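The C-terminal position of the sequence shown is numbered 208 in numbering that gives the first Met the number 0, with every residue numbered one higher than the one before it.
Glycine included, each C-beta is placed from N, C-alpha and C at the ideal position.
Since the structure is predicted, the reported quantities are computational estimates derived from the model, not experimental observations.
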Amino acid sequence: MTVTAWWFSEGNTLPHGDMRRVALGKTHKIKGEVVPCENGLHASVRAIDALSYAPGNIVWRVECGGTVVQENDKLACSERTYISGGIDVSDTLRKFARMCALDVVHLWDAPEIVVQYLKTGDESIRDAAWDAVGAAERDAARAAVGAAERCTGAWDAAWNASWDAAQAASRDASRAAERDAAWDAALAKQNRRLTRMLREAINGKEQEK
Numbered sequence: 000m001t002v003t004a005w006w007f008s009e010g011n012t013l014p015h016g017d018m019r020r021v022a023l024g025k026t027h028k029i030k031g032e033v034v035p036c037e038n039g040l041h042a043s044v045r046a047i048d049a050l051s052y053a054p055g056n057i058v059w060r061v062e063c064g065g066t067v068v069q070e071n072d073k074l075a076c077s078e079r080t081y082i083s084g085g086i087d088v089s090d091t092l093r094k095f096a097r098m099c100a101l102d103v104v105h106l107w108d109a110p111e112i113v114v115q116y117l118k119t120g121d122e123s124i125r126d127a128a129w130d131a132v133g134a135a136e137r138d139a140a141r142a143a144v145g146a147a148e149r150c151t152g153a154w155d156a157a158w159n160a161s162w163d164a165a166q167a168a169s170r171d172a173s174r175a176a177e178r179d180a181a182w183d184a185a186l187a188k189q190n191r192r193l194t195r196m197l198r199e200a201i202n203g204k205e206q207e208k
C-alpha cells in the first residue's frame with residue numbers, strides 16, 4: 000500500500016532529534032509498530048491538513064508506504080520517499096494567507112489600506128495595514144498582514160488565516176450541523192487553492208532547473 004501525500008519541514012533533516020538528511024529520491028524507514036504521533040513518519044493527504052502540522056516553510060510531496068495507518072487529517076507510515084518539492088514556499092504561503100483573509104473581508108468594515116495590502120501584498124503599505132487591522136482585531140486579516148515578519152513563520156500565518164477565515168465563514172450558521180457544513184466547505188475550498196498554489200510553486204522550481 001502506498002499513499003501520495005504532503006509534508007512540510009523546517010530544514011533538510013528529520014525532526015525530533017532524528018536528524019537524518021531529507022533529499023529528493025531518498026527513502027526513510029522506521030522500525031517498530033507504527034502509531035500516529037508516537038512512532039512513524041507522518042504526512043497528510045490534503046495540503047491544508049499538512050499545513051496544520053507544519054514546523055516550517057519547506058514543502059514536499061511524499062510517497063508513504065510499508066505500514067500505513069491513516070487518521071482523519073494525517074497518516075503515519077513506516078516508509079516515506081520524497082518525490083518532489085523540497086522548496087521554500089514562504090511567499091506562496093503568505094499569498095495564500097492574504098487570499099484566505101480576502102474570502103471573509105466582506106464580513107467586516109475593513110479599512111481600505113487593509114484591503115489594498117491583502118490584494119497586492121505591497122510591502123510598502125504593510126506597516127500601515129498592520130496598524131489598521133490591529134485596531135480592528137480581525138483575526139484572519141491580522142494573521143495575513145502579520146505574515147511578513149510578525150508571525151513565527153509563513154506557515155504559521157497561513158494556517159492561522161485559514162482557520163480564522165473558516166471560522167468566520169461558519170460563524171453565522173444557526174445550527175451546529177450548518178456550522179460544521181460551512182466549516183468543511185471553507186476548508187475544502189482552501190485546500191483546493193493551497194494544493195494548486197503549491198503545485199505551481201513546485202512545478203515552477205522544477206522548470207528552472
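- Approximately 12 Å separates the beta-carbon atoms of Ala53 and Phe95; this is outside 8 Å, ruling out the contact.
- Separation of Trp59 and Gly16 (C-alpha to C-alpha, rounded to the nearest whole angstrom) is 20 Å.
- In this structure, the straight-line span from the alpha carbon of Gln206 to that of Ala22 is close to 18 Å.
- In the assembly as shown, Asp48 is a buried residue. Its beta-carbon has 16 or more other beta-carbons within 10 Å.
- Separation of Arg192 and Leu40 (C-alpha to C-alpha, rounded to the nearest whole angstrom) is 26 Å.
- For the pair of segments examined, the region 157–173 was found not to touch the region 116–128: the number of CB pairs separated by less than 8 Å stays below three.
- Taking 4 residues as the minimum length, the alpha helix (DSSP H) runs contained wholly in the region 119–195 are 125–135, 138–144, 153–169, in order along the chain.
- Selection Gln69, Glu78, Val67, Asn56 evaluated against Lys25 yields Glu78 as nearest (Cα-Cα).
- Put simply, the backbone Cα of Ala185 is about 17 Å away from that of Asn71.
- In this structure, Leu106 keeps its C-beta atom at 8 Å or more from the C-beta atom of Trp154.
- At a Cβ-Cβ threshold of 8 Å, Ala181 and Ala139 do not count as neighbours.
- For the pair Ala4 and Ile112, the Cα-to-Cα distance works out to about 38 Å.
- Counting only residues of its own chain and dropping the five nearest sequence neighbours on each side, Leu13 has a CB closer than 6 Å to the CB of Arg19.
- Distance between Glu37 and Ile29, taken at the CA atoms: about 12 Å.
- Cβ-Cβ separation between Glu9 and Gly65: approximately 24 Å, too far for a contact (criterion under 8 Å).
- For Lys94, the enclosing alpha helix (DSSP H) stretches over residues 89–102.
- With a threshold of 16 other beta carbon atoms within 10 Å, Arg141 meets it and is buried.
- Annotation for Ser169: Arg178, Ala181, Trp182 place their beta carbon closer than 6 Å to its own, counting only its chain and skipping 5 residues before and after.
- Taking C-beta atoms under 8 Å as the contact rule, Thr194 and Ala46 qualify, at a distance of about 5 Å.
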